[in-house]
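So the mapping is simple: our numbering equals the position in the sequence shown, first residue as 1, plus 3. What follows is a single structure, written as structure tokens, with notes after it.
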Amino acid sequence: MGICARFSNRAQLRSRLRFACFSWIWRPTARPPVCTPLRWIDPMKRTLLMLSAAIAVLTAPAPFFGAATAAHAQSPEAGSSEDGEQRYTCPMHPHYISNDPGSCPICGMDLVPMESGGADAESGILAGARPAVTISPAMLQTVGVRIAEVERTEFGGRIEAFAQIAANERLQSAVSTRTPGWIERLYVRAVGDEVSTGDLLFEFYSPELVAAQMDYFSARASNARRAEASLRRLEALGMGPIAIARMRERGEPLRIVPVFAERHGVVSEMNVAEGDYLPVGADVLTLQDYSTVWVIAEAPQSDLVHLAEGQGADVRLARGGAAVSGAVDYIYPTFDARTRTGRVRVVVPNPSGALRPGAFASVTFAGDSERRLAVPSEAVLYSEDGARVVVARGGGRFEPRAIETGLSENGFTEVSRGLSEGETVVASGQFLIDSESRLRESFARMQGADTPMSALELSEAEFAMVDHVVDAALYVHEALRDGYEVQPSFFQPAIDAAEMIAGRYPGRLGSIMEESVTTLQDLTEAETAFELQGGLDALVETIRPWLMSRPQRYEALGLSIYEADGRAWLEAGSARPFNPYGDEDARRVSWPEAAPEREQAEEMSEDAMRAGGGHANH
């Protein structure tokens, strides 16, 4: 069976080959290998390469992307393998790690060497790192820089949180009416009155209760079963056992029915006065038992994972005093995004009544102690961007690095991500070093914004990122020319690459990449040839200034910009260009001999040198 017979159409074959060939096709060069998109190769060579790639893909015993997973799973540390050899990773997909240089099988980008030590991969250096700075030994001594090692420290057995005392809602009871009537007399007058089980609360007159009592005495004289049913009805209407006993003892209905407390407590709510008429279901008062109280603690998100129901806790009032022991009763399922805390409920005994609802307290949770990766708490800097430390790289070099923190105790803060054991951080004086790095970063961004595109010094990996966007334009043209369906997922690597470049270069190149992202996102939703044509023209016009700023690079790759029908497209290695917009003959746009921006930059540099030399001579 032929290769193409395994696919339903030509478009599926192209889709399968695109990423495979992206990683296996290289152009010979003296520099490190750079991945060349399949469309940039001579058509005859491309056919042979496609057949070779197809055979390799279709006969492979495992999925193509399995290599990435396997390589990552076998990595003992980030920068080097077990035998000390250099390792490589993808700038856009840092989870992919390889022992050999080459290209990323996910996006086709060149792999870059990893630093040894394991910090980048094992700990996962977070985004937002600032430039490293170098400080002389004399300045270090003047500033008083103190270094501390990242090590595993025995801590984390105790978690502290602020809390507020609340009433135990399980010990709360409401006294309400079950028949309409009037309050004849109140025996509890105000909130705070303490009552015990069996105390008289109030006297109640209800015509319905009087009628039910008369029915009971009438039934008792003639029918025992009916009398029993009448007695049950009195209980259902709210007549308590003490009142029923008095009625039976007197042998006649009680016009004024006494209501007694069924449990001990303190009046926490009082809703009536003597003489009030009450409908069915009206709340008369609320009794609250304060023998135990709830303590609602606000625990940080990082601490919640270390708490469980039944876990012991010690509660101390803000004014001091002895601790009261309790246990975690409930961990609320919701999380407060504003305070970044979750609520934990602790039940504690309160026999003396010293723990009053509404008062503030501190809670210490007892946990299992374990060794955690930690740094001195004073080494951690906090800002709106999160937490970071200043890592000492040796030789007077320091690098601010973003980290994720966990528990804090006894002067140490747990580091859950961003550092590796054995690294060193600055424990004092780090604020000045971080400020210096921030200042240099600001100067670099200002310089990048004013630097012409032709003068920007991009790395090979960054060129590959920009070329992803160029390749997307070639891909759309090829789809229009050959009539196959565009796969929206093919644009995602270009979108990711453009976003990364836009973040690194805030000037004109960054603007071009940002606009390219918008156009590429529109192309992912294109469904008709008309929409693809519009997206192709918009993308080429967006990246045209970048292409013209690097004419030698893209002319050497065999790329050409063509125009026809008032629109432009990009094509590679074609003696007979194809107009994707109509029948008008294509007109090739000439590459400039030198980028105007580069000439301007060189003139500015020469002027600066002359100005500097004159000043020196003077």
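Ideal Cβ placement from N, Cα and C applies to all residues, glycine included.
| query | result |
| --- | --- |
| I'd like the list of long-range same chain contacts for S431, defined as Cβ closer than 7 Å, with 5 residues on each side in sequence excluded. | G147, V148, R149 and E381 |
| What's the call for Q536, buried or exposed, on a 16-neighbour Cβ count within 10 Å? | buried |
| Give the straight-line distance between the Cα atoms of L20 and E387, rounded to the nearest whole angstrom. | Below a pLDDT of 50, predicted positions are generally treated as unreliable, and L20, at 39, falls in that range; the measurement from the model is reported next regardless. Taking the straight line from one Cα to the other gives about 45 Å. |
| Any chance the region 333-347 sits against the region 387-396, with 3 or more Cβ pairs inside 8 Å? | no |
| Considering Cα atoms alone, identify which of A505, L477 and A246 is closest to S514. | A505 |
| Alpha carbon to alpha carbon, what distance is there between R181 and A239? | 8 Å |
| Taking the alpha-carbon of Q89 as reference, which of V115, G414 and N413 has the nearest alpha-carbon? | V115 |
| Could you tell me if Q304 is buried or exposed, where buried requires 16 or more neighbouring beta carbons within 10 angstroms of its beta carbon? | exposed |
| Per the contact definition of three or more C-beta pairs closer than 8 Å, is the region 348-367 in contact with the region 164-181? | yes |
| Can you give me the C-alpha to C-alpha distance between C107 and E517, rounded to a whole angstrom? | 24 Å |
| Where do the N-terminal and C-terminal ends of the beta strand (DSSP E) with D332 fall, by residue? | V327 to D339 |
| I'd like the list of long-range same chain contacts for I247, defined as Cβ closer than 8 Å, with 5 residues on each side in sequence excluded. | L234, L237 and E238 |
| In angstroms with no decimal places, state the Cα-to-Cα distance between I546 and T416. | 47 Å |
| For A232, which of P244, A215 and G243 has the nearest alpha-carbon? | A215 |
| Using the beta-carbon count (16 or more within 10 Å), is F207 buried or exposed? | buried |
| Tell me the rounded alpha-carbon separation between G201 and F368. | 39 Å |
| Which same chain residues end up closer than 7 Å to E544 when comparing Cβ atoms and leaving out the 5 residues on each side of it in sequence? | A571 |
| Whose CA, out of E172, L573 and A532, lies closest to the CA of M551? | L573 |
| Considering only the alpha carbon of each residue, which of A589, G414 and L174 lies closest to Q291? | L174 |
| Under a three-way DSSP split, which group does W594 fall into? | coil |
| What residue ranges within the region 231-284 form continuous beta strand (DSSP E) runs of no fewer than 3 residues, ordered along the chain? | 260-263 and 268-273 |
| Check the C-beta distance from D332 over to V308 and give it rounded, since I have them as a contact under 8 Å. | Between V308 and D332 the Cβ distance is about 18 Å, and since that is not below 8 Å, they are no contact. |
| Does the separation of the CB atoms of V269 and E197 fall below 8 Å? | yes |
| Just the C-alpha distance for A2 and A559, rounded to the nearest angstrom, thanks. | The structure shown does not extend to residue 2, since the chain spans only 4 to 621, so no value can be given for it. |
| Tell me which residues share the same chain as G127 and place their Cβ nearer than 6 Å to its Cβ, disregarding the 5 neighbours each side in the sequence. | In this prediction, G127 scores a pLDDT of 42, lower than 50, which makes its location untrustworthy; the coordinate-derived value is nonetheless stated afterwards. Here the set comprises R420. |
| My guess is that V392 and V383 are in contact by the Cβ rule of under 8 Å, so how many angstroms apart are they, rounded? | 6 Å |
| Which residue wins for smallest C-alpha separation from V347, given the options S355, S294, G356 and A330? | A330 |
| What residue range is occupied by the uninterrupted beta strand (DSSP E) comprising G569? | Premise fails: G569 is in no beta strand (DSSP E) and is neither H nor E. |
| Leaving aside the five residues before and after V178 along the sequence, list all residues of the same chain whose C-beta is less than 6 Å from its C-beta, in chain order. | V287 and L288 |
| In whole angstroms, give me the CA-to-CA distance for R229 and G184. | 26 Å |
| So, at 6 Å on beta carbons, what are the nonlocal neighbours of E211 in its own chain, with the 5 sequence-adjacent residues on each side left out? | T182 |
| Could you tell me if V191 is buried or exposed, where buried requires 16 or more neighbouring beta carbons within 10 angstroms of its beta carbon? | buried |
| Name the DSSP bridge partner or partners of P403? | V393 |
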